[in-house]
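What follows is a short report on a single structure.
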Amino acid sequence: MSSYKEFAHIYDALMTDIPYDNYVHKVLSCVENVTGKTLLDIGCGTGVLSAKLMVEGFKVQAVDLSEEMLSMAADRFQKEGYHIPLFHMSMTDLEGFHDIDVALLSIDSLNYLEVEEQVVQTFEGIYQSLKEGGQLFFDIHSLYKMDELFLDGPFTYEDENVAYIWHTELGEEPHSVYHDLTFFMRKEDGLYERFEESHFQRTYAVNNYITWLTQAGFSKVNVTADWTNDEPTNTSERIFFHVTK
72 MSSYKEFAHI YDALMTDIPY DNYVHKVLSC VENVTGKTLL DIGCGTGVLS
122 AKLMVEGFKV QAVDLSEEML SMAADRFQKE GYHIPLFHMS MTDLEGFHDI
172 DVALLSIDSL NYLEVEEQVV QTFEGIYQSL KEGGQLFFDI HSLYKMDELF
222 LDGPFTYEDE NVAYIWHTEL GEEPHSVYHD LTFFMRKEDG LYERFEESHF
272 QRTYAVNNYI TWLTQAGFSK VNVTADWTND EPTNTSERIF FHVTK
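Going by our numbering, the first residue of the sequence shown is number 72, and it counts up by one from there.
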């Protein structure tokens, strides 16, 4: 799994197309009387969603594997005057959380786990962290996106401060890819600094996720696709799960 070392510093600039408000709406539409409810943001990144959900009334705690991401989240919360506890922890090794009302694992974070056992371990840890009736929300890349759309690259991006070239290659494991990114980031002196990152992602069939969730103990699993209330199709790109303990 990547730790987003240099990538953390330009993550927000490159994620401007992520519909964070849609994630918030998806959670709010399923959770009643949110004020004071506890929410665990797993794979919180730079804390954008954590902050938005705290403003909506949740009592938020946030977890991420990347120390760089957590540092940027801490800076964000300090500037805004938000009290959101941050924990340096892998999603596969959640511990110390009890009776959580809502767990959120967004922006295909789960796809960064390399093997099936890690996904299962993550679901088990989240189950143990939730209260009875607690809810889990997460999204993943579909098989179609992983096996076909990602291979349409290379993808490029450029603005006045940063540019990147994004190559994607098939991984050795089924439904997996390697994202090889080359960045050029403008410095204060006007020159550009080059750095590279490699990120691995892997996904599975929807039925696999349902089986692992059920085995972990979850009783209700609702699956939709692409920001709609419709079931996934063969050409859906992003799959959403709303799960209840």
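Even glycine gets a Cβ: it sits at the ideal position worked out from N, Cα and C.
Nothing here was measured: the structure is a model prediction, and the numbers come from that model.
Take W298 and list the residues in its own chain whose beta-carbon comes closer than 6 Å to its own, dropping the five residues that flank it on each side.
Locating residue 298 in the sequence shown gives position 227, counting from the first residue. Closer than 6 Å at the Cβ level, and outside the excluded window around W298, lie N93.
Along the chain, which unbroken stretches of the beta strand (DSSP E) at least 3 residues long are found entirely within the stretch 154-207?
Entirely contained in the stretch 154-207, the beta strand (DSSP E) runs reaching 3 residues are, in chain order, 157-159 and 171-176.
Enumerate in chain order the residues of its own chain whose CB-to-CB distance from E240 is below 6 Å, with the five nearest sequence positions on each side excluded.
Reading the sequence shown from its first residue, position 169 is the one you call residue 240. Excluding positions up to five away in sequence, the list reads Y249.
If you drop the 5 nearest sequence neighbours on each side, which residues of the same chain put their C-beta closer than 8 Å to that of K76?
As a working mapping, residue 76 is identified with position 5 in the sequence shown. With a pLDDT of 49 at K76, under the threshold of 50, the modelled position of this residue cannot be trusted, and the question is left open.
What is the rounded straight-line gap between the Cα of A144 and the Cα of W283?
Your numbering for residue 144 matches position 73 in the sequence shown. Your numbering for residue 283 matches position 212 in the sequence shown. Using only the alpha carbons, I get a separation of about 31 Å.
Please specify which runs of the beta strand (DSSP E), each continuous and at least 3 residues long, are wholly inside the stretch 212-297, giving them in chain order.
Listed in chain order, they are 226-229, 233-241, 247-257, 263-273 and 291-296.
So, under 8 Å CB-CB, S200 and L111 are touching, yes? Tell me the CB distance rounded to an integer number of Å.
Along the sequence shown, one-based indexing puts residue 200 at 129. Along the sequence shown, one-based indexing puts residue 111 at 40. Contact holds; Cβ gap of about 6 Å.
When DSSP labels each residue in this structure, what does K130 get in the three-state scheme?
Reading the sequence shown from its first residue, position 59 is the one you call residue 130. If DSSP states are grouped into helix, strand and coil, K130 belongs with the strands.
Given S73, which residues of its chain have a CB within under 6 Å of its CB, disregarding the five upstream and five downstream residues?
To locate residue 73, count along the sequence shown from 1; it is residue 2. Note that S73 scores a pLDDT of 43, beneath 50, so its modelled location is shaky and nothing firm can be said.
Under DSSP, the beta strand (DSSP E) around L110 begins and ends at which residues?
Counting from one through the sequence shown, the residue named residue 110 turns up at place 39. Per DSSP, L110 belongs to the beta strand (DSSP E) from T109 to I113.
Taking 8 Å as the cut-off, decide whether the C-beta atoms of S177 and D135 are in contact.
Residue numbering aside, residue 177 sits at position 106 when the sequence shown is read from its first letter. Residue numbering aside, residue 135 sits at position 64 when the sequence shown is read from its first letter. No.
Are H246 and L214 touching if we call contact CB-CB under 8 Å?
Within the sequence shown, residue 246 is the residue found at index 175, counting from 1. Within the sequence shown, residue 214 is the residue found at index 143, counting from 1. Cβ distance < 8 Å, so H246 and L214 count as in contact.
Taking the alpha helix (DSSP H) that V98 belongs to, which residues open and close that run?
Residue 98 sits at position 27 when you count from the first residue of the sequence shown. Y91 to L99 is the extent of the alpha helix (DSSP H) around V98.
Please return the same chain residues whose Cβ sits closer than 7 Å to the Cβ of A234, not counting the five positions on each side in sequence.
Residue mapping note: residue 234 aligns to position 163 of the sequence shown, counting from 1. Taken in chain order, the residues that qualify are Y228 and F255.
Name the two residues that bound the continuous alpha helix (DSSP H) containing E151.
Here the question's residue 151 lines up with position 80 in the sequence shown. Looking at the DSSP string, the run of the alpha helix (DSSP H) that includes E151 is E138 to E151.
Among all the DSSP beta bridges, which residues are the ones paired with T315?
Taking the first residue of the sequence shown as 1, we reach residue 315 at position 244. T315 is bridged to Q206 and K291.
If we call anything under 8 Å between Cβ atoms a contact, is Y198 one with G114?
The sequence position of residue 198 within the sequence shown is 127, counting from 1. The sequence position of residue 114 within the sequence shown is 43, counting from 1. Their beta carbons are not under 8 Å apart, which means Y198 does not touch G114 by this criterion.
Applying the 10 Å Cβ sphere with the 16-neighbour rule, what's the burial state of Y263?
For the purposes of this step, residue 263 is taken as the residue at position 192 of the sequence shown. Classification for Y263: exposed.
So for N305, helix, strand or coil by DSSP?
Your numbering for residue 305 matches position 234 in the sequence shown. In this structure, N305 counts as coil in the three-state DSSP scheme.
Could you say which of F168, V314, D170 and A122 lies nearest to E151 if we only look at CA atoms?
Taking the sequence shown and counting its residues from 1, one reaches residue 151 at position 80. Comparing Cα-Cα distances from E151 to each of F168, V314, D170 and A122, the minimum goes to A122.
May I have the straight-line CA-CA distance separating S100 from E127, to the nearest angstrom?
Translated into positions along the sequence shown, residue 100 becomes position 29. Translated into positions along the sequence shown, residue 127 becomes position 56. Approximately 12 Å, taken between the alpha carbons.
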